[in-house]
Amino acid sequence: MKNKLTYLVLIVFAANLMGCSIPSNEVQVILLAGQSNMAGAGNYDELDDSIKARIKKVSNRVWVSQSNTEQKPLSYYNNKPSEKYNFTKRFGPELFIGLTLAEKYPNQEFLLIKEAKGGTSLYGAWNPEWSLEKAKEIEKGEAKQSWNLCEIHIESIKKNLALLSEKGKSYKIIGMTWMQGENDAILENSARNYAQNLKKLITKYRTEFEVKNMPFIGGQINSHYGIKDGSDLVRKACIDVAKSDPFVKVIETVKDSPYNDYPKHSDNVHYNTEGLTRLGTAFAKDLITFL
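Every number in our numbering is 274 more than the matching position in the sequence shown, counting from 1.
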């Protein structure tokens, strides 16, 4: 008995020393939401072959669901080439969130459930208390005005979790990442109410999935369109929410170009390959502090 106990202690010690968790059959679930910078405009073909090899190595236990219940191994998603993004293999923050977590916890399986729509606001399409009136006030076009993205995402999450159960897998929601806010800087009401709406959004997800202190990691915007000081109001709102909740963190960003912390494409709005590599890694590292 003494030898068995010593052996168990050594296993636990070795796992902690390696920065690993004790093996678990629970699928670790991460929620991802936001607008275009959460959708992502990284070019997978620009990544080093060594990074691609690392991604491939963990892809058998990291799954990604984007706007549906199709759970695909961690990798790029297909992009229709355009004048702006003339490449076919695209990725967002999920790629390096998944890679960083998988390498930190080599005995765990992960599922990332993502909903991201470009040019949408927390005041309108993402509002946890959605109304057509508010959506029409800020969203451009009938399609975006009809989107209740918070509910759409929640329904997608529920379907994905049900699919895990059908496969006989247990799961645990370990946190949420959020990259959004540029479009809330365009109106006075949306910018000034960003903190209040963000708190409601966090509460809605925590309540819906019964995770009282679900960690929430938000990325700070640094766009320069919209009303005067609109971006500053949204940036400050994120900081204020984090200060009021010990389970919320903000990835702070530099305010102005040349954006050396998280590099961008030439439009100075959307993160490029290096920017998304760093952003996804930062999201994962902040999430790990809660695990």
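Built from N, CA and C at the ideal position, the CB exists for glycine as well.
Would you mind reading off the limits of the alpha helix (DSSP H) that contains residue i?
i, result
"residue 470", "468-482"
"residue 521", "Element bounds for residue 521: n/a, residue is neither H nor E."
"residue 554", "547-562"
Give me the Cα-Cα distance between residue i and residue j, rounded to the nearest whole angstrom.
i, j, result
"residue 548", "residue 507", "27 Å"
"residue 555", "residue 377", "11 Å"
"residue 383", "residue 365", "20 Å"
"residue 476", "residue 490", "7 Å"
"residue 372", "residue 351", "14 Å"
"residue 409", "residue 399", "6 Å"
"residue 415", "residue 421", "11 Å"
"residue 432", "residue 536", "33 Å"
"residue 474", "residue 488", "13 Å"
"residue 497", "residue 380", "37 Å"
"residue 456", "residue 523", "18 Å"
"residue 444", "residue 385", "12 Å"
"residue 308", "residue 472", "12 Å"
"residue 333", "residue 553", "20 Å"
"residue 539", "residue 358", "9 Å"
"residue 354", "residue 374", "27 Å"
"residue 301", "residue 363", "27 Å"
"residue 440", "residue 434", "10 Å"
"residue 346", "residue 419", "29 Å"
Could you check where the beta strand (DSSP E) with residue i kicks off and where it finishes?
i, result
"residue 508", "Run containing residue 508: none in the beta strand (DSSP E); it sits in the alpha helix (DSSP H), 504-518."
"residue 491", "490-493"
Return the residue from the list the options that minimises the CA-CA distance to residue i.
i, options, result
"residue 454", "465, 323, 447, 429", "465"
"residue 502", "541, 523, 460", "460"
"residue 313", "344, 368, 542", "368"
"residue 327", "559, 362, 370, 396", "370"
"residue 388", "341, 362, 379", "341"
"residue 468", "440, 402, 427, 432", "402"
"residue 486", "446, 325, 531", "446"
"residue 521", "492, 315, 406, 539", "492"
"residue 303", "519, 483, 499, 543", "483"
"residue 424", "448, 397, 439", "397"
"residue 479", "504, 449, 505, 499", "449"
"residue 561", "299, 305, 504", "305"
"residue 530", "518, 519, 543", "543"
"residue 390", "427, 519, 417", "427"
"residue 429", "324, 318, 343", "343"
Which word fits residue i, buried or exposed, when buried means at least 16 other C-beta atoms lie within 10 angstroms of its C-beta?
i, result
"residue 322", "exposed"
"residue 470", "exposed"
"residue 528", "exposed"
"residue 296", "With a pLDDT of only 38 at residue 296, under 50, the local geometry of the prediction cannot be trusted, and the value read off the model is given with reservation. Exposed, since its Cβ has fewer than 16 Cβ neighbours within 10 Å."
"residue 413", "buried"
"residue 393", "exposed"
"residue 442", "exposed"
"residue 463", "exposed"
"residue 511", "buried"
"residue 546", "buried"
"residue 563", "exposed"
"residue 565", "exposed"
Step through the CB atoms of chain C and report whether any lies within less than 8 Å of the CB of residue i.
i, result
"residue 466", "Of the chains in the structure shown, none is chain C; there is only one protein chain."
| request: Run through the stretch 357-383 for me and flag every whole alpha helix (DSSP H) of 4 or more residues, listed as ranges in chain order. | output: 368-378
| task | Counting only runs of 3+ residues fully inside the stretch 410-455, write out the beta strand (DSSP E) ranges in chain order. | result | With a minimum length of 3 residues, the continuous beta strand (DSSP E) runs that stay inside the stretch 410-455 are 445-453.
| task | Could you tell me which uninterrupted beta strand (DSSP E) segments, each at least 3 residues in length, are contained entirely in the stretch 296-340, listed from first to last along the chain? | result | 301-308, 336-340
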